[in-house]
């Protein structure tokens with residue numbers, strides 16, 4: 001009965017969820033009517049219209065993509081002065097400053113784009129690659145930010161919205177998704193290059209009802225559902241890579257948002273004459289308040305929150321430093337009456353208290369060493385915690401029947417580096433390594449206070465019975481890769497690579513060869529092919545509590561060929 005009522009609340013949230021947000025946008029005081037921006041974009045050399053060009057107004061949420069006739073329309077633009085940006089695969093980016101739109105004005109623009117020099121490092125060779133929510137990307141967009149928000153879903157969650165893409169599937173009450181029939185934990189989840197573990201709130205509901213990443217903090221997402229390159233390892237199904245929001249403009253901006261499930265606040269700005277920028281976002285769910293307003297105080301009320309912040313700073317013309325913090329927390333409590341004994345005639349009270357934590361701190365240094373070499377270095381640390389406890393006690397008699405508590409802490413300390421070298425215009429190399437120190441501490445405490453069928457005092461001295469089990473393990477996880485991208489002929493680009501992964505806690509030692517190819521069939525038509533071996537090592541944080549002297553890790557991983 002309780003489960004049915006929880007499902008009813010979730011369905012109501014899906015049907016009645018509303019979202020309001022306040023975003024600062026350029027606006028001239030005293031003006032109320034908005035204007036429209038219309039435009040035509042053509043190829044500068046041939047004069048032919050260009051379709052699929054992404055056009056955005058910087059420092060706003062406004063943008064559009066040109067149709068097959070090269071035309072676009074951006075409506076409901078507040079009067080003011082804007083910077084317009086247009087980007088398209090195979091063409092140089094256009095940035096036009098000083099675009100002025102008056103009150104009620106229909107502004108007409110005509111732009112021409114110059115074909116760009118072929119950039120091998122920017123070519124997408126991976127098959128099954130999707131990008132979305134990127135307002136300034138030159139690749140085709142599958143879903144925009146507005147599309148994500150408009151999807152009927154629980155909690156305005158990016159993880160739930162992407163299950164509309166081909167090959168993905170998920171349940172109705174969980175944010176986790178699977179790719180082409182694989183397990184849900186076979187997808188590598190990254191934010192700004194860092195792998196995050198168990199990134200979900202409300203884990204007591206199908207292992208996570210929503211993700212810990214607020215959709216408003218996301219700049220763009222890249223999803224690879226097969227044939228992903230060698231820099232991504234230790235996963236067998238796919239890669240879900242999130243890029244966090246980049247502050248725009250020189251002024252400070254503040255916003256607040258409210259929905260049926262969450263309340264959020266955001267702030268962003270710049271410092272040191274634009275060399276540095278900062279971003280802060282905080283979100284808190286209030287299902288407990290919603291349940292109270294709906295007079296559902298007898299239902300368990302989960303409480304969750306998350307905070308994300310980052311600071312970027314340009315040290316000099318060749319080095320950029322960024323610092324990130326992500327923290328999420330959950331609390332879930334139950335206090336309800338129950339019965340036990342013969343024919344359930346003895347009244348009892350059941351309680352449960354669960355807490356979850358997910359914290360990461362990392363810093364990234366991007367260095368441009370000459371005109372051909374770029375190095376990205378990352379130092380990170382993280383802590384994932386679980387504390388789950390439950391108990392049952394008699395109401396009319398003294399003493400507790402039982403109590404159980406399960407605690408698990410998982411710590412990560414990592415060093416990661418990626419080297420990108422453009423040897424020539426037709427040959428591009430990538431090399432990198434990822435080293436992590438892993439620690440896990442798993443404890444289970446059980447206490448049986450007395451016989452649940454007999455509330456009388458134990459005269460034989462059998463109770464209480466108390467047991468305690470604990471497992472502490474440490475290990476190292478290391479990976480390295482080498483790949484090259486070669487422009488063989490004008491229509492053909494190849495990417496060949498080899499990856500090596502090793503884990504000390506399972507003794508896995510795996511080599512994973514991979515190959516991808518891009519064949520340009522026409523100006524707008526491409527054929528992508530991929531092959532490789534993809535392996536996944538049993539994580540040290542996934543070990544079950546074993547019997548004495550036994551290890552509960554899976555045997556060394558079996559490769560998956562694609």
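In our numbering, the protein residues as written are 1 to 562. In this text, a Cβ means the ideal position worked out from N, Cα and C, and glycines have one as well. Quick caveat, the model's predicted, so the values are computed rather than measured.
- Item | Outcome for residue 60 when other beta-carbon atoms lying within 10 angstroms are tallied against a minimum of 16 | buried
- Any beta strand (DSSP E) of 3 or more consecutive residues that is wholly inside the region 226–292: 238–244, 253–259, 262–271 and 276–285
- Message: Am I right that residue 639 and residue 115 are in contact with their C-beta atoms under 8 Å? What's the rounded C-beta distance?
- Response: Past the edges of the chain, shown from 1 to 562, lies residue 639, and the structure says nothing about it.
- First through last residue of the alpha helix (DSSP H) which encompasses residue 158: 158–161
- Among all the DSSP beta bridges, which residues are the ones paired with residue 513? 498
- Item | Cβ separation of residue 251 and residue 222, assumed to be a contact under 8 Å, to the nearest whole Å | Not quite, the Cβ-Cβ distance comes to about 29 Å (not below 8 Å), so this is no contact.
- Item | Continuous beta strand (DSSP E) stretch holding residue 176: start and end | Where residue 176 is concerned, there is no enclosing beta strand (DSSP E), given that its DSSP letter is neither H nor E.
- Kindly indicate which three-state DSSP category residue 45 falls into: helix, strand or coil? coil
- Message: Between the alpha carbons of residue 1 and residue 292, how many angstroms are there, rounded?
- Response: Unreliable positioning characterises residue 1 in this predicted model, as indicated by a pLDDT of 43, which lies under 50. A coordinate reading is not provided.
- Query: If you run the structure through DSSP and keep just helix, strand and coil, what is residue 540?
  - Reply: helix
- Item | Reduced DSSP category for residue 73 - H, G, I as helix; E, B as strand; rest coil | strand
- Message: Can you give me the C-alpha to C-alpha distance between residue 67 and residue 86, rounded to a whole angstrom?
- Response: 14 Å
- Message: Taking a contact to mean a Cβ-Cβ separation below 9 Å, would you say residue 77 touches residue 57 in this structure?
- Response: yes
- Query: Going by alpha carbons, who is nearest to residue 189 out of 172, 234 and 165?
  - Reply: 234
- Task: Could you check if residue 531 is buried or exposed, using at least 16 other CB atoms within 10 Å of its CB as the buried criterion?
- Result: exposed
- Task: Let me know the secondary structure DSSP gives residue 440 once reduced to three states.
- Result: strand
- Query: In terms of residues, what are the limits of the beta strand (DSSP E) holding residue 364?
  - Reply: 346–369
- Which residues mark the beginning and the end of the beta strand (DSSP E) in which residue 219 is found? 218–224
- Task: Determine contact between the region 186–204 and the region 328–338, defined as no fewer than three beta-carbon pairs at a distance below 8 Å.
- Result: yes
- Message: Going residue by residue through the region 446–507, where are the continuous beta strand (DSSP E) segments of at least 3 residues, counting only ones entirely within it?
- Response: 465–489 and 492–503
- Message: With H, G and I counted as helix, E and B as strand and the rest as coil, what does DSSP make of residue 61?
- Response: coil
- Message: Less than 9 Å between the C-beta atoms of residue 110 and residue 35, yes or no?
- Response: no
- Query: Can at least three beta-carbon pairs, one atom from the region 493–500 and one from the region 512–521, be found at a separation below 8 Å?
  - Reply: yes
- Item | Residue closest to residue 307, alpha-carbon to alpha-carbon, out of 488, 215 and 270 | 215
- Task: Just the C-alpha distance for residue 453 and residue 184, rounded to the nearest angstrom, thanks.
- Result: 41 Å
- Can you say whether residue 335 is buried or exposed, counting buried as having 16 or more other CB atoms within 10 angstroms of its CB? Under this definition residue 335 is an exposed residue.
- Task: Sort out for me which residues DSSP pairs residue 331 with in a bridge.
- Result: 303 and 355
- Message: For a test of your reading of the model: does the CB of residue 318 fall under 8 Å from any non-hydrogen atom of the ligand NAP? Yes or no.
- Response: Looking at this structure, you won't find the ligand NAP or any other ligand, since it has none at all.
- Query: Under the three-state reduction of DSSP, which class applies to residue 192: helix, strand or coil?
  - Reply: coil
- Is it right to say residue 588 is buried, meaning 16 or more other beta carbons lie within 10 angstroms of its own, or is it exposed? Because the chain here runs from 1 to 562, residue 588 falls outside it and cannot be looked at.
- Given residue 510, which residues of its chain have a CB within under 6 Å of its CB, disregarding the five upstream and five downstream residues? 501 and 535
- Rounded separation between residue 356 and residue 304 - CA only: 9 Å
- Query: For residue 412, does the count of other Cβ atoms within 10 angstroms reach 16, so buried, or fall short, so exposed?
  - Reply: Residue burial annotation: residue 412 is buried, with at least 16 other C-beta atoms found within 10 angstroms of its C-beta.
- Message: Using CA atoms only, rank isn't needed, just tell me which of 93, 506 and 268 is closest to residue 217.
- Response: 268
- May I ask you to verify whether the region 430–449 touches the region 481–495, counting CB pairs closer than 8 Å and requiring at least 3? With the rule of 3 Cβ pairs closer than 8 Å, the region 430–449 counts as touching the region 481–495.
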